[in-house]
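J.: Position 136, counted from 1, in the sequence shown is what the working numbering calls 137; the numbers after and before it change by one each time, with no gaps. Every residue gets a Cβ at the ideal spot worked out from N, C-alpha and C, and that includes glycine.
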Amino acid sequence: MKKDEVVIREVMLRDGLQNIVDFIPTEAKIELFRLIVASGLRSIEVTSFVSPKAIPQFRDAAQVVQATAKMTPPGVEVSALIPNLKGAQLAVESGMFKVGLVMSVSESHNINNVRRTTAESIDELKRVLELKAKYPGLVVKAGMATVFGCPFEGKIKPEVTLGFIRQFYQLGIRDMSMADTVGFGNPKEVKEMCRLAVTEFPAVSFSIHLHNTRGLGLANSLAAYEAGIRVHDGAVGGLGGCPFAPGAKGNTSTEDLVFMFEEMGIKTGVNMDALLEASRYFQKVKKDIRYSSSIIEVGVPVPKGAITKDGSEQKWNM
Ligand code: COA
Ligand code: ZN
2 MKKDEVVIRE
12 VMLRDGLQNI
22 VDFIPTEAKI
32 ELFRLIVASG
42 LRSIEVTSFV
52 SPKAIPQFRD
62 AAQVVQATAK
72 MTPPGVEVSA
82 LIPNLKGAQL
92 AVESGMFKVG
102 LVMSVSESHN
112 INNVRRTTAE
122 SIDELKRVLE
132 LKAKYPGLVV
142 KAGMATVFGC
152 PFEGKIKPEV
162 TLGFIRQFYQ
172 LGIRDMSMAD
182 TVGFGNPKEV
192 KEMCRLAVTE
202 FPAVSFSIHL
212 HNTRGLGLAN
222 SLAAYEAGIR
232 VHDGAVGGLG
242 GCPFAPGAKG
252 NTSTEDLVFM
262 FEEMGIKTGV
272 NMDALLEASR
282 YFQKVKKDIR
292 YSSSIIEVGV
302 PVPKGAITKD
312 GSEQKWNM
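1. Using the C-alpha atoms, what's the distance from P26 back to I112?
2. Grab me the residues of S40's own chain with a C-beta within less than 7 Å of its C-beta, minus the 5 sequence neighbours each way, in chain order.
3. Are there 16 or more other CB atoms within 10 angstroms of the CB of A120, so buried, or fewer, so exposed?
4. Return helix, strand or coil for L217, following the three-state DSSP convention.
5. Given the structure, does D16 come close to the ligand ZN, in the sense that its CB is under 6 Å from one of the ligand's heavy atoms?
6. Measuring straight from C-alpha to C-alpha, what distance separates E298 and Y292?
7. CA-CA distance, N20 and L240?
8. Based on Cα-Cα distance, which residue from R60, G17, K71 and I56 lies nearest to K46?
9. Comparing C-alpha positions only, which one of F149, L197 and S105 sits nearest to P84?
10. Where DSSP assigns a beta bridge to H110, which residues make up the other side?
11. From V191 to V148, what does the alpha carbon distance come to, in whole angstroms?
12. For the beta strand (DSSP E) that D181 lies in, which residues bound it at each end?
13. Between I56, M261, R43 and P57, which lies nearest to S80 when the distance is taken from Cα to Cα?
14. How far does the beta strand (DSSP E) with S280 in it extend, from its first residue to its last?
15. Is N213 a contact residue of the ligand COA, with contact defined as CB to any heavy atom under 6 Å?
16. Roughly how far, in whole angstroms, is the beta-carbon of R175 from the beta-carbon of S208, given that I think they are within contact range, below 8 Å?
17. Look at the alpha carbon of K135 and the alpha carbon of G238, and state the distance between them as a whole number of angstroms.
18. Nearest by alpha-carbon distance to K67: which of K87, I56, F98 and K54 is it?
19. Which whole-angstrom value describes the C-beta separation of G251 and A236, a residue pair presumed to lie in contact below a C-beta threshold of 8 Å?
20. Taking just the CA atoms, how far does M177 sit from F169?
21. Using 7 Å as the threshold, is the C-beta distance between P247 and P137 below it?
22. Looking only at its chain, what residues have a beta carbon closer than 7 Å to the beta carbon of T69, apart from the 5 residues adjacent to it on each side?
23. Would you call K1 buried or exposed, if buried means 16 or more other Cβ atoms sit within 10 Å of its Cβ?
24. DSSP three-state call for V12: helix, strand or coil?
25. Straight-line CA distance for G164 to V77?
26. Give me whichever residues DSSP pairs with I45 in a beta bridge.
27. Within 6 Å: the Cβ of F50 and any heavy atom of the ligand COA?
28. Starting from K156 and walking both ways along the beta strand (DSSP E), at which residues does that stretch end?
29. What whole-angstrom Cβ distance do D181 and L211 have, given they're in contact under 8 Å?
30. Whose C-alpha, out of D5, P203, N221 and V12, is nearest the C-alpha of T255?
31. Secondary structure at C195, three-state DSSP: helix, strand or coil?
32. Would you say K87 touches the ligand COA, meaning its beta carbon is less than 6 Å from a heavy atom?
33. Would you tell me roughly how many angstroms separate the C-alpha atoms of R215 and A204, rounded to the nearest one?
34. Can you tell me the Cβ-Cβ gap for H233 and V7, rounded? I've got them flagged as a contact below 8 Å.
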């Protein structure tokens, strides 16, 4: 990746869907994946191998992985979320070899989300890593939730997150994600946390996962970019939210992220028209939810044409 490029990881099929109670048909998920790929997005989280009792939406995780694998062009990376060893096993059995184990850096949210203490989640991670003996191609990412605040414990100190990053690093993990699960973070904190992480661990590929709960999603993304983060999660339509984190709202919308970066001359590789087709498609599949994306709402700027003084001014009237 060049210095002035970003990879937007599309998480709509995972984060975007996990908060939707009605089951979205597997075929619709697959069609959405096709449209997402067609837009030029190169990194896609396709599903979640979690307990179907916890999130029934993902009971078709294996089918989604198998179907999307056949449609994944070279250069596009697909991944799935897992909360435990069982999730990892189900993932590899279905042919998914890039998994992100989710763990909250706050004890309370980790217990609420995956019913484990953070120490238990680290043990789970170690067991997942042991699977590499049988599946050498398995890549395990560590996803840290609630880095910028927890709905139960409030702000989390960067030192706490750094402590987990050090443990993951010692376990050999080189791909880590920092998430603002409920939208507590501000650009100053995001920049500082990211700066601390990339400075201490230059060999780690860090990504940022932001929720636009309080309107700071884009500002936080830019702050992370300025601190050196080049992988940014986004969700088509600004959907998303953790069902086990009260107050969690949608991810920063992919459409808005693409617009911001491209307007700044930072390449995303995404074609906006094609991306909007993905949003339009899903808006037909699921009408009764709140989409949150400025670009979906008003589109990209299109000048209406110059106005000349010819005696009939005020051609354009809102
Ligand atoms: N995939 C599918 N099924 C799973 C599973 C997984 N990853 N992990 C556990 N299960 C099943 C078990 O087989 C068991 O099924 P059974 O009751 O039919 O025997 C049941 O779930 C309970 O297993 P257990 O190990 O006791 O899990 P738990 O009750 O402690 O639940 C989690 C822990 C992590 C599995 C569950 O809380 C979960 O999936 N949470 C999802 C969190 C999430 O996705 N949050 C949003 C993303 S941030
Ligand atoms: Zn999220």
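T.: This is what the structure holds:
1. 30 Å
2. V271, N272, A275, L276 and A279
3. exposed
4. coil
5. yes
6. 9 Å
7. 8 Å
8. Note that residue 46 corresponds to Glu in the displayed sequence, not to Lys. For the residues R60, G17, K71 and I56, the minimum Cα distance to E46 belongs to G17.
9. S105
10. H110 is not bridged to any residue.
11. 9 Å
12. D176 to D181
13. R43
14. Element bounds for S280: not the beta strand (DSSP E) but the alpha helix (DSSP H), M273 to V286.
15. no
16. With a Cβ gap of about 12 Å, R175 and S208 do not count as contacting.
17. 38 Å
18. The sequence given here places Gln at residue 67; Lys does not occur at that position. Considering only alpha carbons, the answer is F98.
19. 6 Å
20. 8 Å
21. no
22. I31, F34, V47 and V79
23. In the structure as shown, the chain starts at 2 and stops at 319, and residue 1 therefore has no counterpart that could be examined.
24. coil
25. 32 Å
26. E11 and V79
27. yes
28. It is not in any beta strand (DSSP E) - K156 carries neither H nor E in the DSSP assignment.
29. 5 Å
30. V12
31. helix
32. yes
33. 32 Å
34. 6 Å
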